[in-house]
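Reading through the structure tokens given below for one structure.
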Amino acid sequence: MDKSRQRQLVMASARGDKTAYAELIREYYGAVYGQCLAIVSHSQDAEDVAQDVLLKGYIKIGQLRDPDQFGPWIRKIAQNHAKTFLGGRKQQLEFNEQINEPAISHSASQDDCEQLQWAIGKLPAELRTPLVLYYFHGKTLRAVAEQLGASLTDIHRKVRCGLTQLYQLMKEQGDKV
Amino acid sequence: MTHPCHEYETKIIDMTLEMLEISEQISVLEHIDQCVECKAYWERLQAVEEQVERWTGAECMSDKVEKVIEKLNATDLHQEPGVQNRQIGWTMGWKQIAAIFIIAVGVMLQAVYFVHIRPGLRNTIEEGLHGNSNGTTQPVPSNQAEYAKRLEREKQQVEQARTGGRMGQLEIMLDTGLPETQILAANILADIGDDSVLDTLEKRSAKWPKYGTENPFQKAIEAIQKRLPETNTMQ
Chain A
2 MDKSRQRQLV MASARGDKTA YAELIREYYG AVYGQCLAIV SHSQDAEDVA
52 QDVLLKGYIK IGQLRDPDQF GPWIRKIAQN HAKTFLGGRK QQLEFNEQIN
102 EPAISHSASQ DDCEQLQWAI GKLPAELRTP LVLYYFHGKT LRAVAEQLGA
152 SLTDIHRKVR CGLTQLYQLM KEQGDKV
Chain U
8 MTHPCHEYET KIIDMTLEML EISEQISVLE HIDQCVECKA YWERLQAVEE
58 QVERWTGAEC MSDKVEKVIE KLNATDLHQE PGVQNRQIGW TMGWKQIAAI
108 FIIAVGVMLQ AVYFVHIRPG LRNTIEEGLH GNSNGTTQPV PSNQAEYAKR
158 LEREKQQVEQ ARTGGRMGQL EIMLDTGLPE TQILAANILA DIGDDSVLDT
208 LEKRSAKWPK YGTENPFQKA IEAIQKRLPE TNTMQ
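Protein chains in written order, with my numbering: chain A, 2 to 178; chain U, 8 to 242.
Given below as structure tokens:
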């Protein structure tokens, strides 16, 4: 999407035009979802958080000073929202452990998609975030590096390492099955 | 289990991530053709990557996207007031401040102009408001034709007052008339005036410049005072 189109959509959305905002959602859903997934590491949670983030974005879009900055702005909201969500979920897991309820778990018997999500969830956050963002940013290292404020080399190393570990995790699950 | 050759492991990953130079890719692909372990590793890695790509691809996302849009349209969301509105308010505020500043500078410049550059004009204004040194309440016409017209009218009024013996009218002319009219009124009062007009004449006389021609108001006072004992004796 070119900048002038994005500017038009942001300004129209700020005036309450939901159709314009829907177009922004189509454009940025992947980035927002990827950001959420990178943090919460569970696809259903990431989907819920991404939805909340995008609806919150509509409510707050009038506060965005520079329409060209919609992408970084919505990703920042996603980042904060996902971190808050993660904090709340950790408390819930601790509570579940206290009352001996089983925490949400992913077994090897789940289908491929769930197996992948499980494996991504198992990755350490420092590797999961660059790896997930890499795929949600259309396999562009530079965009991930800019978003995370890291060097290209560092992101390259982490994505490489993340993919290796993902491979190992999925291979282990496959061997178990 | 298949283990890739250690030296090719990283290169195979980079090739999967499309981060390998073409020359290196050729070299790795040549090795993969010959090495069963590395070939298995490469294929498995590609399968994982394809799975990730499928999972993060637009097709998988479209359902999720539509769900959000559906929710957006179904929910009555109230947007928070935006900075754009606040910016407009702020801009308006600056415009008002700028307008006030310009007006203030304008007033100051005018003040400087009137006080230092055109004191004559200031005098005219003050005279218009409070009466000038000649006692005229109305501002002195700057236009020569208007001045002559007013002088003619006042002269007629003075003449009428003299004919009718209306000293009150003459006294008013001392206060409000043009300088020529005031002198004319003073000359007439010198002939027909009594002690009731002395105060007004004295006020006028006090404002007569010490230099220049003979003071007509003082002359009128002297004439009246000289005549008064005679009047009193006759009574």
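Even glycine gets a Cβ: it sits at the ideal position worked out from N, Cα and C.
Straight across, the Cα-Cα distance linking ALA227/U with GLN167/U is about 19 Å. Interface flag for ALA83/A against chain U is unset, since no Cβ pair is found closer than 8 Å. The shortest C-alpha to C-alpha distance from HIS157/A to any of VAL133/A, GLN45/A, VAL54/A and GLU173/A is the one to VAL133/A. A distance of 8 Å or more separates the beta carbons of ALA15/A and VAL33/A. Here the C-alpha atom of MET68/U lies approximately 29 Å from the C-alpha atom of LEU27/U. Listed along chain A, the residues sitting closer than 8 Å to LEU79/U by beta-carbon distance are LYS19, TYR22, ALA23, ILE26, LEU55, LEU56 and TYR59. By the Cβ rule, the stretch 17 to 37 of chain U counts as touching the stretch 47 to 56 of chain U, because three or more pairs are nearer than 8 Å. When MET171/A, LEU128/A and ALA144/A are compared, the shortest CA-CA separation from VAL160/A is found for LEU128/A. When the beta-carbon positions are compared, GLY200/U and ILE231/U come within less than 8 Å of each other. Taking 9 Å as the Cβ-Cβ cut-off, the stretch 10 to 24 of chain U approaches chain A at GLU16, THR17, ILE20, ASP21, THR23 and LEU24, given in chain order. Proximity of LYS46/U to chain A, defined by a Cβ-Cβ separation below 8 Å, is not satisfied. Close to GLN174/A, with beta-carbon spacing below 9 Å, lies no residue of chain U; the smallest spacing is near 11 Å.
Taking the Cα of THR17/U as reference, the smallest distance to any Cα among ASP70/U, LYS214/U, LEU52/U and ASP40/U is reached at LEU52/U. At a cut-off of 8 Å between beta-carbon atoms, PHE137/A makes contact with chain U. Taken through DSSP and simplified to helix, strand or coil, VAL72/U comes out as helix.
With contacts defined by Cβ atoms closer than 8 Å, PRO131/A and LEU149/A form a contacting pair. Along the stretch 143 to 163 of chain A, going in chain order, the ones with a CB nearer than 7 Å to a CB of chain U are HIS157, VAL160 and ARG161.
Here DSSP, grouped into helix, strand and coil, assigns ASP182/U to helix.
Listed in chain order, the positions of the stretch 50 to 73 of chain U with a beta carbon within less than 8 Å of a beta carbon of chain A are ARG51, LEU52, VAL55, GLU56, GLN58, VAL59, GLU60, TRP62, THR63, ALA65, MET68, LYS71 and VAL72. DSSP places ASP3/A in the coil class of the three-state scheme, outside both helix and strand.
For ALA83/A, same chain residues with a beta-carbon under 6 Å away, outside a window of 5 residues either side, are CYS37, ILE40, VAL41 and VAL50 in chain order.
Taken through DSSP and simplified to helix, strand or coil, PRO11/U comes out as coil. Listed along chain U are TRP62, each with a C-beta nearer than 7 Å to that of CYS114/A. Of VAL54/A, ARG143/A, SER152/A and TYR136/A, the smallest CA-CA separation from GLY163/A is found for TYR136/A. With fewer than 16 other Cβ atoms inside 10 Å of its own Cβ, GLN151/U counts as exposed.
The stretch 22 to 32 of chain A makes contact with the stretch 55 to 64 of chain A; the number of CB pairs closer than 8 Å reaches 3 or more. Apart from sequence neighbours up to five positions away, the residues of its chain that approach TYR22/A with a beta-carbon distance below 6 Å are SER14 and TYR59, ordered along the chain. Restricting attention to GLN64/A, GLY35/A, ALA120/A and ALA151/A, the CA atom closest to the CA of ALA79/A is found in GLY35/A. Between GLN189/U and LEU196/U, the C-beta spacing is not below 8 Å. Look at TRP62/U here: in three-state DSSP terms it is helix. DSSP places ARG27/A inside the alpha helix (DSSP H), whose first and last residues are 19 to 41. Out of GLN166/A, ALA144/A, MET12/A and GLY88/A, the CA that lies nearest to the CA of TRP119/A is found in GLN166/A. When only Cα atoms are considered, ASP155/A and ALA146/A end up about 8 Å apart. Burial check for VAL114/U: the Cβ neighbour count within 10 Å stays below 16, so the residue is exposed. PRO148/U and GLN103/U have their C-alpha atoms some 39 Å from each other.
In chain order, VAL55 make up the part of chain U whose C-beta sits under 7 Å from the C-beta of LEU167/A.
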